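Using the numbering used here, the first residue of the first sequence is number 52, and each one after it goes up by one. C-beta: ideal position from N, C-alpha, C; glycine also. Keep in mind the model is a prediction, meaning the values are calculated, not measured. Written out below as structure tokens is the structure these notes cover.
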Amino acid sequence: MRGHEVCYLKSLIRDVYPFFKEVFASLGLEEELWSNLLGPATIEGHSDIALPCHSLSSSLRKSPVDISEHIVSLFSDDILNIAKVSSKNGFVNVSATSSWIEEQISYIFADDRLGVKIDDSRTFAVDYSAPNVAKEMHVGHLRSTVIGDSIVRLLLFKGHTVYRENHIGDWGTPFGMLIEHLLDLGEDKAAKELGVGDLDSFYKQARSKFNSSADFASRSRNRVVLLQGGDKETLRLWKILVSESMRYFNDVYSILGVLLKDSDIKGESSYHDLLPIVIDRLTKTNILVNSNGADVVFPTKKWLNREGGEMPAIIRKKDGGYNYSATDLACIIDRIERLNCTDLVYVVGTPQKQHFEMIFDIALMAGFMSDKHNATHVNFGSVLNQNGKILKSREGNTIKLVDLLSESVSRAEAVIIDKNPNLSPDERSKVAKMIGIGAVKYADLSTERSKDYIFDWDKMLSLEGNTAPYLQYAHARICSIFSKSDIPPSSLSNPIFIIIDKEEELLAKRLLLFSNIIEDTIINYSPHRLCNYLHSLASSFASFYENCPVLKNEDEKIIKSRLALCDLTSRTLKLGLELLGIDSPEKM
RNA sequence: GGGCGUGUAGCAUAGCUCGGAUAAUGCACUGGCCUCCUAAGCCAGGGACCGCGGGUUCGAAUCCUGCCGCGCCCGCCA
52 MRGHEVCYLK SLIRDVYPFF KEVFASLGLE EELWSNLLGP ATIEGHSDIA LPCHSLSSSL
112 RKSPVDISEH IVSLFSDDIL NIAKVSSKNG FVNVSATSSW IEEQISYIFA DDRLGVKIDD
172 SRTFAVDYSA PNVAKEMHVG HLRSTVIGDS IVRLLLFKGH TVYRENHIGD WGTPFGMLIE
232 HLLDLGEDKA AKELGVGDLD SFYKQARSKF NSSADFASRS RNRVVLLQGG DKETLRLWKI
292 LVSESMRYFN DVYSILGVLL KDSDIKGESS YHDLLPIVID RLTKTNILVN SNGADVVFPT
352 KKWLNREGGE MPAIIRKKDG GYNYSATDLA CIIDRIERLN CTDLVYVVGT PQKQHFEMIF
412 DIALMAGFMS DKHNATHVNF GSVLNQNGKI LKSREGNTIK LVDLLSESVS RAEAVIIDKN
472 PNLSPDERSK VAKMIGIGAV KYADLSTERS KDYIFDWDKM LSLEGNTAPY LQYAHARICS
532 IFSKSDIPPS SLSNPIFIII DKEEELLAKR LLLFSNIIED TIINYSPHRL CNYLHSLASS
592 FASFYENCPV LKNEDEKIIK SRLALCDLTS RTLKLGLELL GIDSPEKM
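Shown next, in the form of structure tokens:
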């Protein structure tokens with residue numbers, strides 16, 4: 052098992068390794084036979100690291116239990132400075148001593164980065180959010196935006212160069228009808244409707260006219276031709292649609308507290324000039340094939356369509372129009388050749404998995420990317436309703452993202468009034484935003500992203516359990532301890548840690564895991580791992596807080612040690628939440 | 001038809017890359033704890049043939065394989 056508690060303490064393995072080496076040398080066992088067996092213990096409470104002896108049974112001709120007991124008896128006493136060694140069920144168990152933990156924790160404490168290393172810098176393009184112009188943002192967009200933003204924060208923290216790429220849907224056939232509808236309404240009125248965020252009704256009105264009026268439909272088709280032909284007046288009207296929608300999206304981004312800015316927008320339209328070049332280069336590498344009048348590529352990996360025929364990726368349609376495969380290939384060229392990216396990350400839903408596999412395959416075939424580049428589809432599951440059905444954006448009564456967010460904030464505010472009436476209205480409103488928005492983001496980030504998740508209003512806003520408010524509360528409690536004491540965190544340089552009680556030992560061990568968890572989270576692009584860790588940290592803090600008096604202690608040394616543990620915990624929670632894009636209020 | 005994903009206590013999830021001990025966490029449930037640093041909390045407890053069957057292994061929730069349920073993709077929409 053490799054839960055958050057377990058990928059613990061690489062340094063403990065490093066420190067005790069020489070002792071194992073000595074013991075196994077005396078048994079005459081080759082290093083290859085045992086060195087991979089030494090690893091994190093799988094059961095919390097038994098030990099920190101362990102070595103199962105079962106596979107040694109045949110070569111040593113003894114039972115695993117006998118072997119483990121024998122091994123324990125062979126260790127030199129010097130290991131006791133680092134760890135206690137014991138045996139159980141055929142495992143050799145190694146538990147770090149308090150003094151070893153104290154030393155490690157001092158090291159982390161002195162580090163602003165809490166032990167997290169800076170990587171060799173690479174250059175990433177992270178493609179996320181991608182709302183459609185003149186269409187409402189709904190809960191489905193939440194996932195891409197929130198997951199992508201957290202990944203960006205993590206990569207930046209690890210020292211990488213990151214381009215945020217907001218690939219908005221600002222081109223294509225629907226724009227004919229949208230522009231005609233804009234004209235029908237009058238520019239001013241339309242702009243206003245879009246700017247205040249009434250995108251849903253704008254789109255629906257246009258769609259319904261398109262379906263019911265032949266005249267409108269015909270005007271719309273003509274308008275698409277004008278748009279694609281670069282007609283100046285049409286482009287001017289198109290820009291109104293785009294900029295008014297962006298104004299609205301920026302409002303949502305600001306409420307959500309994500310990093311996306313106007314300069315991160317790279318809509319589909321901006322790759323226009325590259326599309327003929329894509330065709331040209333695919334032709335030159337001899338992989339573009341004409342099939343029924345369309346220009347297509349057959350990827351290396353074979354896919355079958357419904358009829359059982361080999362399935363190509365269509366790059367240019369029979370009518371000469373480019374489709375999204377062409378745009379995505381253009382993106383790859385742009386990101387690799389103009390931005391010099393080494394890593395391309397696409398935070399897009401799982402339904403597009405096959406599409407991305409094809410595109411990455413073709414990009415390699417055509418030489419747009421090489422082995423030196425990593426392209427990753429960071430896929431995520433759908434948002435389901437209570438009945439387990441997908442929340443549809445078109446016909447159903449979809450919850451607007453803004454409405455969801457504001458309700459979350461107002462519910463959070465109601466809880467604060469109830470729990471902490473002493474907070475001033477001004478503070479309360481600030482804190483309510485941090486909690487309400489944090490709760491929604493955390494609900495989305497804390498489940499394994501490739502799975503579907505059930506949108507549960509009550510659970511999302513519940514302030515109990517594995518939720519952002521629980522983590523924020525732990526942080527606020529620590530701030531409160533410091534405000535009650537006359538010892539500010541800044542005065543705690545070079546504290547001497549004294550780990551005595553089991554609750555403070557568990558807290559300390561979990562604090563030591565932080566850097567491992569960050570590595571794990573970013574390697575897998577899985578923010579939920581960080582979430583689970585922070586919850587386990589907050590939970591061990593709550594236990595510590597309940598059982599280990601900090602300020603109400605007689606021993607000055609213990610007060611200082613525990614205050615330092617508190618400070619380190621709050622810094623870890625705050626940094627961890629920050630990397631998820633969630634604020635940490637000092638009072639709540 | 002082809003492909004992909006998913007199935008773990010009443011509910012929601014983690015663990016599956018890279019196989020180890022009594023399967024972890026939260027909600028809900030039962031019982032305790034506020035003249036005491038924020039009870040938005042803590043402590044204790046009950047609750048699971050890890051979808052089903054085979055295989056590999058000293059050892060499988062984890063790897064392989066065959067089924068079953070659910071979902072998604074296979075559009076000259078993005």
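{"Query": "Proximity below 8 Å, CB of residue 245 to CB of residue 185", "Result": "yes"}
{"Query": "Short Cβ contact (8 Å threshold) for residue 530 with residue 637", "Result": "yes"}
{"Query": "Limits of the unbroken beta strand (DSSP E) element including residue 396", "Result": "394–400"}
{"Query": "Close Cβ partners of residue 639 (< 7 Å) along its chain, the five nearest in sequence each way excluded", "Result": "467, 471, 482, 486, 523, 524, 527"}
{"Query": "Length of the line joining the Cα atoms of residue 218 and residue 576", "Result": "20 Å"}
{"Query": "Contacting residues, own chain, Cβ-Cβ under 6 Å from residue 359 (five flanking each side not counted)", "Result": "none"}
{"Query": "7 Å Cβ shell around residue 595 - same chain, five flanking residues per side excluded", "Result": "554, 555, 558"}
{"Query": "Other residues of its chain near residue 207: CB distance less than 8 Å, five sequence neighbours each side excluded", "Result": "213"}
{"Query": "Contact between the region 366–383 and the region 318–337 (3+ Cβ pairs under 8 Å)", "Result": "yes"}
{"Query": "Nearest candidate by alpha-carbon position, reference residue 401, set 536, 592, 242, 503", "Result": "503"}
{"Query": "Contiguous alpha helix (DSSP H) assignments of at least 4 residues, all confined to the region 162–217", "Result": "190–208"}
{"Query": "Pairwise C-alpha distance: residue 175 and residue 422", "Result": "15 Å"}
{"Query": "Simplified DSSP assignment, three categories, for residue 585", "Result": "helix"}
{"Query": "Any 3 or more C-beta pairs closer than 8 Å across the region 602–610 and the region 141–153", "Result": "no"}
{"Query": "Among 161, 513, 433, 201, the one whose alpha carbon lies nearest that of residue 177", "Result": "201"}
{"Query": "CA-to-CA distance, residue 70 to residue 133, given in whole angstroms", "Result": "10 Å"}
{"Query": "Cβ distance (whole Å) where residue 418 is taken to contact residue 336 below 8 Å", "Result": "6 Å"}
{"Query": "Residues that DSSP places opposite residue 428 in a beta bridge", "Result": "397"}
{"Query": "Beta-carbon proximity list for residue 211, same chain, < 6 Å, skipping 5 on both sides", "Result": "172, 173, 175"}
{"Query": "Per DSSP, cross-strand counterpart(s) of residue 361", "Result": "355"}
{"Query": "Test item: CB-CB of residue 404 and residue 436 under 8 Å", "Result": "no"}
{"Query": "Where residue 158 sits in the DSSP three-state scheme", "Result": "helix"}
{"Query": "Bounding residues of the alpha helix (DSSP H) (the contiguous stretch that carries residue 310)", "Result": "First-last for residue 310: undefined, no H or E at that position."}
{"Query": "Touch test, the region 244–259 against the region 293–313, Cβ-Cβ under 8 Å, three pairs minimum", "Result": "yes"}
{"Query": "Burial state of residue 270, where buried means 16 or more other Cβ atoms lie within 10 Å", "Result": "buried"}
{"Query": "Cβ neighbours of residue 633 in the same chain (closer than 7 Å, five flanking residues each side left out)", "Result": "489, 492, 493, 519"}
{"Query": "Sub-8 Å separation of residue 60 and residue 94 beta-carbons", "Result": "no"}
{"Query": "Cβ neighbour criterion (16 or more within 10 Å) applied to residue 620", "Result": "buried"}
{"Query": "Cα-Cα separation between residue 567 and residue 330, rounded to whole angstroms", "Result": "45 Å"}
{"Query": "Local conformation of residue 301 per DSSP, three classes", "Result": "helix"}
{"Query": "One or two residues paired with residue 101 in a DSSP bridge", "Result": "90, 144"}
{"Query": "CB of residue 624 within 8 Å of CB of residue 585, strictly", "Result": "yes"}
{"Query": "Through-space distance from residue 506 to residue 438, alpha-carbon basis", "Result": "10 Å"}
{"Query": "Chain-order list of residues whose beta-carbon lies under 7 Å from that of residue 126 (same chain, five-residue window excluded)", "Result": "70, 74, 136"}
{"Query": "Residue 490: first and last residue of the uninterrupted alpha helix (DSSP H) it sits in", "Result": "476–496"}
{"Query": "Residue 538 (DSSP reduced to helix, strand or coil)", "Result": "coil"}
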